[in-house]
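Novice: Numbered according to my numbering, the sequence shown spans residues 709 to 1095.
Note that beta-carbon positions come from the ideal geometry of N, C-alpha and C, so glycine has one too.
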Amino acid sequence: MNNKKIVVIGAGKIGRSFIGQVFNRSGYEVLFVDINRSLIDQMNRVKAYRVIIKDGDKEETVRISNIKGLCLEDEERIMEELKHVSIVSLSVGQQGLRTAIPIIAKSLLARRKDYGNMPLDIIIAENMRNADFFIREELRKYLPEDYPLDQLVGLVETSIGKMVPIMTQEDIKEDPLQVFAEPYNSLIVAKKSFLNPIPEVPFLAPKENIKAWVDRKLFIHNLGHATAAYLGYQTHPDAIYISEVLDDEKLLRDVRQTMLQAADILQALYPDEFTHQQLEEHIDDLLHRFRNRSLGDTLFRVGCDLYRKLSPEDRLVAPLRAALNLNKPYLLILNAIEAGISFRGKDQNGNYYPSDKIFFEEAKKGNRHILEKVCQLPIDLLYTKND
């Protein structure tokens, strides 16, 4: 058993710039698994990659070595590797999980056959609420009924706050393995979910109540980012970058006030976890990071995919629903949602996000229709309560 090796399933931006980086810098060998064979082949040729940390006008290059890769198609080799480690991470997106989970399930059975009841911890580096529940249910589809899943698999939820700077095609062509990153490297994990000893990695931040921290990411970080995009587009429809619209001091104040309203809701949900001062400091830190020009984050990227971002469990509607239940003020958040309904951002080629074109047709039925049918908000209650 190699306790200084991690299998990182998903060699995308988060896998390489965040998970692979923080574990490798703590002395871990990193095995990447990905569907992109050309990326994996190059990784195995070079046996290293660069993380370019961008902080305003400053850059730092971190070289990540002691790595190798496997293609997701190489099931037998992946299963063999998963027998010999105590920790795995997943960063493949919800669709990718449906491909990766059957392989993990087969590996769990092979691992138990060869080594008995030896637990495996899986760090879920996915931007999903209740990701542990989703993965547990998916694994059960492929495991025998008598497999002791909760005793042998630690499903470790995370709150992924890292933002990854945009890379141009020229950047990727120059070096397909390199990734850009912001300086932030804190990986918030569910302390109670580990079955093995928690890895001694300085960047890990174990938390007792991970649900609170997942909601902090959704209610504050994701909400603030989307609010900046939607209010930014409303005020500056020709602007391209998030950092650009946040140069507008009034807009910056409006985004901050909306984030503070969400923080008030979050604190009411988790009174023992956060103080107002902690959340206010977090908001100001986020706004500083959002204004980092080197991120190159566009209004389009942050605002598009409206059916998802205005859905009941996502960044704007979930905190508003919580506010209704808690009888807390929410009109600033509602204003951000309505700005989202009017968002018509295009990518660099002048194209809309594909499903947004369908959303725009539905939005012709009016805001109330979207609030009721897409956001699934109680319209009558929504407009009778007020601040």
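Just curious, the beta strand (DSSP E) that G862 is in, first and last residue?
Specialist: G862 -> beta strand (DSSP E) spans 861 to 867.
Novice: Near S951, what residues of its chain come up, given a Cβ to Cβ distance below 8 Å and the 5 sequence neighbours on each side ignored?
Specialist: Excluding positions up to five away in sequence, the list reads F998, R999, N1000, R1001, L1003, D1005.
Novice: From S867, I1087, I748, pick the residue whose C-alpha is nearest to that of I928; which is it?
Specialist: Ranking the options by Cα distance to I928, first place goes to S867.
Novice: Roughly how many whole angstroms lie between the Cα atoms of A889 and M871?
Specialist: Each residue's Cα considered, the two are about 7 Å apart.
Novice: To the nearest angstrom, report how far apart L1039 and A970 are at their CA atoms.
Specialist: Rounded to whole angstroms, L1039 to A970 spans 10 Å at the Cα level.
Novice: Hey, V909 and S734: beta-carbon distance below 7 Å or not?
Specialist: Yes, the pair counts as a contact, with Cβ atoms nearer than the cut-off.
Novice: So, helix, strand or coil for D765, using DSSP?
Specialist: Coil, per DSSP.
Novice: Assuming I830 and V796 make a contact with CB atoms under 8 Å, what is their CB distance in whole Å?
Specialist: Rounded, the Cβ-Cβ distance is 5 Å, consistent with contact.
Novice: Measuring straight from C-alpha to C-alpha, what distance separates T983 and R924?
Specialist: Approximately 12 Å between the Cα atoms of the pair.
Novice: When we look at the beta-carbon of Q729 and count the other beta-carbons within 10 Å, is it buried (16 or more) or exposed?
Specialist: Buried.
Novice: Sort out for me which residues DSSP pairs F888 with in a bridge.
Specialist: According to DSSP, F888 bridges with I760.
Novice: What's the call for E853, buried or exposed, on a 16-neighbour Cβ count within 10 Å?
Specialist: By the neighbour-count rule (16 or more Cβ atoms within 10 Å), E853 is not buried but exposed.
Novice: Using 10 angstroms around the beta-carbon of N1057, count the other beta-carbons present and answer buried if the total reaches 16, otherwise exposed.
Specialist: It counts as exposed.
Novice: Between A1044 and the rest of its own chain, which residues show a CB-CB distance below 8 Å, the 5 nearest in sequence each way excluded?
Specialist: Counting only Cβ-Cβ distances below 8 Å, and skipping sequence neighbours, we find L931, A934, T935, Y938, L939, T966, L1024.
Novice: So is P873 buried or exposed if we call it buried at 16+ other beta carbons inside 10 Å?
Specialist: By the 10 Å Cβ count, P873 comes out buried.
Novice: Our contact map puts L903 next to G862 with C-beta atoms below 8 Å; I'd like the distance itself, whole angstroms only.
Specialist: Going by Cβ atoms, the distance from L903 to G862 rounds to 4 Å, so yes, they are a contact pair.
Novice: Which residues does DSSP list as the beta-bridge partners of T876?
Specialist: In the DSSP output, where bridge partners are listed per residue, T876 has none listed.
Novice: As a quick exercise: from Y1015, G1053, L968, N838, pick the residue whose alpha carbon is nearest that of H944.
Specialist: Comparing Cα-Cα distances from H944 to each of Y1015, G1053, L968, N838, the minimum goes to G1053.
Novice: Threshold first: 3 residues or longer. Then list the beta strand (DSSP E) segments lying entirely within the stretch 741 to 822, N to C.
Specialist: Taking only runs of at least 3 residues, the beta strand (DSSP E) segments lying wholly in the stretch 741 to 822 are 756 to 763, 766 to 773, 775 to 779, 795 to 798.
Novice: Roughly how many angstroms lie between the CA atoms of L959 and Y941, to the nearest whole one?
Specialist: If you take the alpha carbons of L959 and Y941, they lie about 11 Å apart.
Novice: Take L857 as the anchor and find which of F1067, T769, R848 has the nearest alpha-carbon.
Specialist: Taking only the C-alpha atoms, the option nearest L857 is R848.
Novice: Excluding the 5 residues preceding and the 5 following N893 in the sequence, name in chain order all residues of the same chain whose CB lies nearer than 8 Å to its CB.
Specialist: Contacts found: F726, Q729, V730, K870, F911.
Novice: Rounded to whole angstroms, what's the CA-CA distance from R677 to L1007? Just pull it up for me.
Specialist: Residue 677 falls outside the range modelled here, since the chain spans only 709 to 1095, and no answer is possible.
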